[in-house]
Amino acid sequence: DNTENFIHFPPTYWRLHIHFVPRPHITHVYHQLYFINDIINLIEADEDVYRTYVLIDKAKL
Numbered sequence: 351d352n353t354e355n356f357i358h359f360p361p362t363y364w365r366l367h368i369h370f371v372p373r374p375h376i377t378h379v380y381h382q383l384y385f386i387n388d389i390i391n392l393i394e395a396d397e398d399v400y401r402t403y404v405l406i407d408k409a410k411l
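The sequence shown begins at 351 in the numbering used here and counts up by one.
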């Protein structure tokens with residue numbers, strides 16, 4: 351109950367990371383985090399939410 355589950359893309363190498371950490375340890379990178387529960391809630395409310403609002407520049411892939 352005292353953990354947070356989140357993903358992030360560290361800007362130095364842009365690879366998806368999933369973390370399960372105690373809450374006190376995430377404050378310094380809070381602005382870079384995407385909480386898994388938030389992602390699940392968004393997808394459950396609108397399964398197209400990421401297809402609609404996330405732009406992927408295929409030229410950079």
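The beta carbon of each residue, even a glycine, is placed where N, CA and C say it ideally should be. Bear in mind that the values here come from a model prediction, so they are computed numbers and not experimental data.
Exposure of residue i, with buried meaning 16 or more beta-carbon neighbours within 10 Å
| i | result |
| --- | --- |
| Phe370 | exposed |
7 Å Cβ cutoff met for residue i and residue j
| i | j | result |
| --- | --- | --- |
| Leu405 | Val399 | no |
DSSP beta-bridge partners of residue i
| i | result |
| --- | --- |
| Val371 | Glu354 |
Distance between residue j and residue i (C-alpha atoms, nearest Å)
| i | j | result |
| --- | --- | --- |
| Asn355 | Pro374 | 13 Å |
| Tyr403 | Ile390 | 15 Å |
| Asp396 | Ala409 | 27 Å |
| Gln382 | Arg365 | 13 Å |
Anticipated Cβ contact below 8 Å, residue i with residue j, distance rounded
| i | j | result |
| --- | --- | --- |
| Tyr384 | His367 | The pair is not a contact, with the Cβ atoms about 11 Å apart (cut-off 8 Å). |
| Asn387 | Pro372 | Actually they do not touch by this definition, with Cβ atoms about 16 Å apart. |
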